[in-house]
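Asks: Here's a structure for you.
Quick look at the structure:
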């Protein structure tokens, strides 16, 4: 059943990645989309804006893979040299392409403060021996080269320009050029196990997985994702096999499996709320608006999410959320009694069906012997009931905010 | 003045990166820290959990660089093969290290639901010919190999384990092993220019930069970061030269330079608020809690940030923020009059010195001919005055949320 897949190397070009100024989020997005379309990412390489480094990485990649996708280094400024480097590599020269200028004029017509200057005009110079793919949302054209049955594409590093080009032009053209076998990944998300405890729990199942199915463990803020992968020309047969294995897994792990797909927990909870016709509100102290942010990043979230009171100071807990000041005084802001009042009162204030509240010590300061950094109280309430729980996460601020967000969303999911 | 720097390659191991399941944030963090300590990142490579791929990348990297840092692939589960692969590569064998088990016992003693099982115990098997560096926050030990004056380190891929090991052990040991020349980067952040318009504006200045100083442009949600870089054994002389150039640049760009350091705008604004002894509140519609989240990710943000009303639904705008329902009816929620009321009322409600409000259409739905997707109104107010402004960003939800957040923070910065 295993077939040879078409291999891709992503090469990101830009000093800013190698000095750590930006996080390369493009590669993960590209890898996801390419995978869905049946391509396998063999390697991701990040190199400097230097001609010899670009050429070396291209030479090495041509030995390894069928498709090389360059991102970045094609802006209008002097530090960007990818276009000239590829022009030299493919032994051609730069020529003026009128259609690109027309595209840029079109693009700038809706932006009041943009004018076409000489640097923008230079974007219309393209290698003579290549296929030029228009960039509908930016000034840098995309170039497509072919060599010995392999394809080399150079595209912008600006995320939304890259995404637009990949979805509308590059992936469809690659699928046409190569006959791609299907790759299938399915992910289940497990809560309540450490990575090795989970591995022991499912060891027998793992050992009996069919040969063409592989398994990976991915811990992520309290959740372990289990990913089953396979390649096949018969996608339906492969899907049947993988679903069968997930069925067996579900008998072992039961309700510890919190999701059967690889989507953010916020989206999973949002979908559940929509299905049940319920609206949610949040009162956030230690998560500081992160639950609101996770919900509102989802398109259409107004169908289930009304809003939040981010009660970062105690004054807001008492004045806006009507938490009893005496209780804060007596039990502290990070306490069961306070977090329950926050949840119940925000539900009434924002008139929703259910509500989430968080209060905790994210760090790096504010911990005590009694309530160390990482102590978080979470409450969930509906008209019928309120549940609350204390967590002890860890010592790192970012991690505490993320884990508290995750835990709160899963507590809400449980009562739905 | 230019000296040869000590070169590093980061090799991240893990199928989850190559199928796009996770974004590799480790590399950017490592690159930043290594740069600060005088090392140059020559390449970042992501490879599969496959022995031949790991070995091939190691062989190639040994030809290019002085230091190879592996992350990932050393967990307790079957898909992780880095330790065995390196053990074979360096022609040694795995031996049991009692001190690692003691470290794991110590680590698990504070976590109620963790027990040492056989997979955890296997973490104490380490290559005989290497230096073992303890992992104080996880079970997988860090291994350090030396070969022909080069150093190869294998560390966990779990971000906080990696960060702890890098800061406390690996970087100090590398600085001792190599004599590292200093690398210096300075960044200024420019607002209000497109990338190529900025390049033309500063072309004369750029052409006259000293030879040992290089320049890079980095556009980021409406801001262009300009990064000046240099390497030298005389760090003070280099710093003087770079500061001199930034002084010249500041004469050209004036107030378009919004920051002279590479920190998030939220942190810059937070520092300003602390200096002036002011507290801020937010009323967020289209940004959905992202401004609150950006503020509260900053350690110590309670010194300047009180909280937010995330008024995602109109009902909350009227009930909690006391916006006139008639105005929403007549002018729409995305209007100057509504966003001004949101800002002024949240300032009174949360009793702060200044306040930010946002209301806009993030997309992908909700746009009209009059107010297309990307239309955002932002208001800032203090006791003395209120300023408001309309923006037109673009068509992508995530981008609109980020750009509105950035613009709101910069508007606040202006009035401070």
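Residue numbers (this note's numbering), protein chains in the order written: chain A, 1 to 416; chain B, 417 to 832. Glycine residues also receive a C-beta, built at the ideal position from the N, C-alpha and C atoms. Just so we're clear, the structure is a prediction, and the values are computed from it rather than from any experiment.
Could you tell me whether any Cβ in chain B is nearer than 9 Å to the Cβ of residue 260/A?
Replies: Translated into the one-based positions of the first chain, residue 260/A becomes position 260. No, residue 260/A lies away from the interface with chain B (no Cβ there is under 9 Å from its Cβ).
Asks: Quick one: Cα of residue 480/B to Cα of residue 423/B, how far?
Replies: Here residue 480/B is taken as the residue at index 64 of the second chain, counted from 1. Here residue 423/B is taken as the residue at index 7 of the second chain, counted from 1. Roughly 8 Å between the two C-alpha positions.
Asks: How about residue 102/A and residue 133/A: are their beta carbons less than 9 Å apart?
Replies: Here residue 102/A corresponds to residue number 102 of the first chain, with the count starting at 1. Here residue 133/A corresponds to residue number 133 of the first chain, with the count starting at 1. Not closer than 9 Å, so no.
Asks: How big is the Cα-Cα spacing for residue 1/A and residue 209/A?
Replies: To locate residue 1/A, count along the first chain from 1; it is residue 1. To locate residue 209/A, count along the first chain from 1; it is residue 209. With a pLDDT of 32 at residue 1/A, under the threshold of 50, the predicted position of this residue should be treated as unreliable, and no value is reported.
Asks: Just to make sure I have the definition right: I need the residues of chain B whose C-beta is within less than 7 Å of the C-beta of residue 305/A. Which are they?
Replies: In the first chain, residue 305/A corresponds to position 305, counting from 1. Near residue 305/A (Cβ distances below 7 Å), the residues of chain B are 728.
Asks: Mind listing the chain B neighbours of residue 54/A? Cutoff is C-beta to C-beta under 7 Å, in chain order.
Replies: On the first chain, position 54 is the one that residue 54/A refers to. Ordered by position in chain B, no residue passes the 7 Å Cβ test against residue 54/A, which lies about 11 Å from the chain.
Asks: Sort 29/A, 93/A and 97/A by Cα distance to residue 69/A and report the nearest one.
Replies: Position 69 of the first chain, counting from 1, holds the residue named residue 69/A. Of the candidates 29/A, 93/A and 97/A, the one whose C-alpha sits nearest the C-alpha of residue 69/A is 29/A.
Asks: Return the CA-CA distance between residue 419/B and residue 552/B, expressed in angstroms with no decimal places.
Replies: As a position in the second chain, residue 419/B is number 3, starting the count at 1. As a position in the second chain, residue 552/B is number 136, starting the count at 1. Residue placement at residue 419/B cannot be trusted, given a pLDDT of 47 that sits under 50; what the coordinates show is reported in the next sentence. Near 36 Å, if we compare the C-alpha coordinates of residue 552/B and residue 419/B.
Asks: Tell me which residue opens and which closes the beta strand (DSSP E) that residue 391/A is part of.
Replies: In the first chain, the residue the question calls residue 391/A occupies position 391. Segment 386 to 392, the beta strand (DSSP E) holding residue 391/A.
Asks: Going by DSSP, which residues form a beta bridge with residue 771/B?
Replies: In the second chain, residue 771/B corresponds to position 355, counting from 1. Paired residue(s): 697/B and 797/B.
Asks: Could you check if residue 415/A is buried or exposed, using at least 16 other CB atoms within 10 Å of its CB as the buried criterion?
Replies: By one-based count along the first chain, residue 415/A stands at place 415. With fewer than 16 Cβ atoms within 10 Å of its Cβ, residue 415/A is classed as exposed.
Asks: Quick test of the definition: if touching needs 3 or more C-beta pairs under 8 Å, does the stretch 316 to 335 of chain A touch the stretch 292 to 306 of chain A?
Replies: Using a C-beta cut-off of 8 Å, the stretch 316 to 335 of chain A makes no contact with the stretch 292 to 306 of chain A, since fewer than three inter-stretch Cβ pairs fall below that distance.
Asks: Listed in chain order, which residues of the stretch 204 to 227 of chain A have Cβ atoms closer than 8 Å to some Cβ of chain B?
Replies: 206, 214, 215, 216, 217, 218, 219, 220, 225 and 227
Asks: Output needed for residue 750/B: all residues of its chain with C-beta closer than 7 Å, excluding positions within five of it in sequence on either side, in chain order.
Replies: Translated into positions along the second chain, residue 750/B becomes position 334. The answer, listed in chain order, is 775, 776, 777, 787, 791 and 793.
Asks: Mind checking which residues open and close the alpha helix (DSSP H) that includes residue 317/A?
Replies: For the purposes of this step, residue 317/A is identified with residue 317 of the first chain, where counting begins at 1. That run of the alpha helix (DSSP H) goes 314 to 319.
Asks: Mind checking which residues open and close the alpha helix (DSSP H) that includes residue 448/B?
Replies: Position 32 of the second chain, counted from the first residue, corresponds to residue 448/B. Here the alpha helix (DSSP H) through residue 448/B covers 442 to 452.
Asks: Does any residue of chain A have a CB that is nearer than 9 Å to the CB of residue 463/B?
Replies: As a working mapping, residue 463/B is identified with position 47 in the second chain. True, the Cβ-Cβ gap to chain A drops below 9 Å.
Asks: Between which two residues does the beta strand (DSSP E) carrying residue 636/B extend?
Replies: Residue 636/B sits at position 220 when you count from the first residue of the second chain. Residue 636/B -> beta strand (DSSP E) spans 630 to 636.
Asks: Is it right to say residue 599/B is buried, meaning 16 or more other beta carbons lie within 10 angstroms of its own, or is it exposed?
Replies: As a working note, residue 599/B is residue 183 in the second chain. Flag for residue 599/B reads buried.
Asks: If you draw a straight line from the alpha carbon of residue 368/A to that of residue 348/A, how long is it in whole angstroms?
Replies: Residue numbering aside, residue 368/A sits at position 368 when the first chain is read from its first letter. Residue numbering aside, residue 348/A sits at position 348 when the first chain is read from its first letter. Using only the alpha carbons, I get a separation of about 32 Å.
Asks: Between 122/A, 157/A and 106/A, which has its C-alpha nearest residue 78/A's C-alpha?
Replies: Working through the first chain from its first residue, we reach residue 78/A at position 78. Closest by alpha carbon: 122/A.
Asks: Just the Cα atoms here: how many angstroms apart are residue 88/A and residue 13/A?
Replies: By one-based count along the first chain, residue 88/A stands at place 88. By one-based count along the first chain, residue 13/A stands at place 13. Whole-angstrom Cα-Cα distance: 17 Å.
Asks: Taking Cβ positions only, does residue 173/A come closer than 9 Å to chain D?
Replies: The chain labelled as chain D is not found among the protein chains of the depicted structure, namely A and B.
Asks: Taking all protein chains shown into account, decide if residue 809/B is buried (16 or more other Cβ within 10 angstroms of its Cβ) or exposed.
Replies: As a first step, residue 809/B is located in the second chain; it is residue number 393 there, counting from the start. The residue in question, residue 809/B, is buried, as its Cβ has 16 or more Cβ neighbours within 10 Å.
Asks: Only counting runs of 3 or more residues, tell me where the beta strand (DSSP E) segments fall wholly within the stretch 636 to 716 of chain B, in order along the chain.
Replies: Runs of the beta strand (DSSP E) lying entirely within the stretch 636 to 716 of chain B and spanning at least 3 residues, in chain order: 639 to 648, 673 to 675 and 696 to 700.
Asks: Could you pull out every unbroken alpha helix (DSSP H) segment of at least 4 residues lying fully inside the stretch 451 to 487 of chain B, listed in chain order?
Replies: Taking only runs of at least 4 residues, the alpha helix (DSSP H) segments lying wholly in the stretch 451 to 487 of chain B are 467 to 480.
Asks: For the stretch 490 to 522 of chain B, enumerate the residues whose C-beta is nearer than 9 Å to any C-beta of chain A, in chain order.
Replies: 491, 492, 493, 494, 495 and 496
Asks: Within the stretch 541 to 588 of chain B, note down every full beta strand (DSSP E) run reaching 3 residues or more, in order along the chain.
Replies: 541 to 543, 547 to 549, 558 to 563 and 566 to 571
Asks: Let's see if you can read the secondary structure: which residues bound the alpha helix (DSSP H) around residue 329/A?
Replies: The residue given as residue 329/A occupies position 329 in the first chain. Where residue 329/A is concerned, the enclosing alpha helix (DSSP H) stretches over 325 to 331.
Asks: Can you tell me the Cα-Cα spacing of residue 767/B and residue 311/A, whole angstroms?
Replies: Here residue 767/B is taken as the residue at index 351 of the second chain, counted from 1. Here residue 311/A is taken as the residue at index 311 of the first chain, counted from 1. Each residue's Cα considered, the two are about 12 Å apart.
Asks: Could you please tell me which residues of the stretch 379 to 401 of chain A, in chain order, have their CB closer than 9 Å to any CB of chain B?
Replies: 392, 394, 395, 396, 397, 398, 399 and 401
Asks: Taking only the alpha-carbon atoms, compute the straight-line gap between residue 254/A and residue 688/B and give it to the nearest angstrom.
Replies: The residue labelled residue 254/A in the question sits at position 254 within the first chain. The residue labelled residue 688/B in the question sits at position 272 within the second chain. Their backbone Cα atoms lie some 51 Å apart in a straight line.
Asks: Whose Cβ in chain A lies nearer than 7 Å to the Cβ of residue 439/B?
Replies: For this step, residue 439/B is matched to residue 23 along the second chain. In chain order: 23, 25 and 28.
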